[in-house]
Amino acid sequence: DAMVIQNPRYQVTQFGKPVTLSCSQTLNHNVMYWYQQKSSQAPKLLFHYYDKDFNNEADTPDNFQSRRPNTSFCFLDIRSPGLGDAAMYLCATSREGSSWSSYNEQFFGPGTRLTVL
Amino acid sequence: AQRVTQPEKLLSVFKGAPVELKCNYSYSGSPELFWYVQYSRQRLQLLLRHISRESIKGFTADLNKGETSFHLKKPFAQEEDSAMYYCALAFTGANNLFFGTGTRLTVIP
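Sequence order for the protein chains is A and B.
In the numbering used here, each residue's number is its place in the first sequence (first place is 1) plus 739.
In the numbering used here, each residue's number is its place in the second sequence (first place is 1) plus 178.
Now the structure itself:
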């Protein structure tokens, strides 16, 4: 089945120790997103890739970076995790969307729960 | 700025009872509104979107621009409807979704 895969499902890291979360998709979608969801809060978009074009949200901390080496894979790098970065990180994909067309459904991965010790 | 509000964090109803999950939004333009659902141990998935005007799993939602609301309704709740429901907003020119904080629906047998 075509899907969005996130690894690992649970990640524990130490305060200040860099960590990378990965996402892959078999849907061949152009757009990939990373959301952060803290406990009892709404998922919040960190950034997204439209093909290779990186789009950062204005309030995403510099501590968060992303890489998309090819269509299928996208990585979230947290350079120096703080206790406040503990959250569920959701990856999502969608077909090509544009300002001239109706919004395209986003398909979500199962998420990676990050714990910072 | 765009904002989505779901006033109820938790909602419990008995099986067979009507259910309404509230969603209000603020956005100055013409948004697209969605309901996403997350069942236990499953991923977040689209339930319905206002543009399609369809009923999914017995749920409907009407966009009321005057009240800036997009409430989700079902006349007879089923146990399998128990899940986390998120209202979300998108607008032309942006690929991203703006989510509400979600409502956890529990249907009591």
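Each residue gets a CB set at the ideal place from its N, CA and C atoms; glycine is no exception.
Using a Cβ-Cβ cut-off of 9 Å, B:GLY280 counts as an interface residue toward chain A, since at least one Cβ of chain A sits closer than that to its own.
Exclusion of the five residues before and after A:ASN769 leaves TYR789, ASP790, ARG834, GLU835 as the residues of its chain whose Cβ lies within less than 7 Å of its Cβ. The residue among B:LEU211, B:MET262, B:GLY207, B:ALA268 with its C-alpha nearest the C-alpha of B:THR284 is B:MET262. As summarised for the region 197–283 of chain B, there are no continuous alpha helix (DSSP H) elements at least 4 residues long confined to that stretch. A:SER819 is outside the set of residues whose beta carbon lies under 9 Å from a beta carbon in chain B. Residue pairing of A:SER805 in beta bridges, as defined by DSSP: A:LEU815. In chain B, no part has a C-beta under 7 Å from the C-beta of A:TYR828; the shortest such distance is about 12 Å.
Scanning its chain for C-beta atoms nearer than 7 Å, with the 5 sequence neighbours on each side dropped, one finds around B:GLY207 the residues PHE269, in chain order. Boundaries of the beta strand (DSSP E) around A:SER833: 826–833.
The residue among A:ILE817, A:PHE793, A:ASP798 with its C-alpha nearest the C-alpha of A:THR810 is A:PHE793. Apart from the 5 residues on each side of it in sequence, B:HIS228 sits with its Cβ closer than 8 Å to the Cβ of GLU210, LEU211, PHE212, ALA239, ASP240, LEU241, PHE248 in its chain, given in chain order.
Rounded to whole angstroms, the separation of the alpha carbons of B:TYR203 and B:GLY244 is 11 Å. Selection A:SER763, A:PHE754, A:GLN845, A:GLY755 evaluated against A:THR851 yields A:SER763 as nearest (Cα-Cα). When Cβ-Cβ separations below 9 Å define contact, B:LYS187 makes contact with chain A. Residue burial annotation: B:ASN274 is buried, with at least 16 other C-beta atoms found within 10 angstroms of its C-beta.
If you draw a 10 Å sphere on the C-beta of A:TYR828, you find 16 or more other C-beta atoms in it, and that means buried. About 15 Å separates the beta carbons of A:ASP816 and A:PRO747, which is beyond the 8 Å limit, so they are not a contact pair.
Beta-bridge partners of A:HIS787 (DSSP): A:TYR772, A:ASN794. In the three-state DSSP reduction, A:LEU766 falls in the coil class, being neither helix nor strand.
If you draw a straight line from the Cα of B:ALA195 to the Cα of A:ASP798, it is about 42 Å long. Listed along the chain, the chain B residues whose CB falls inside 9 Å of the CB of A:ALA781 are VAL182, GLN184, TYR264, ALA266, PHE276, PHE277, GLY278, THR279, GLY280. Scanning its chain for C-beta atoms nearer than 8 Å, with the 5 sequence neighbours on each side dropped, one finds around A:GLN776 the residues PRO782, LYS783, ALA826, MET827, TYR828, LEU829, GLY850, in chain order. For B:GLN220, the nearest beta carbon of chain A is closer than 9 Å to its own beta carbon. The beta-carbon of A:GLN750 is placed no less than 9 Å from the nearest beta-carbon of chain B.
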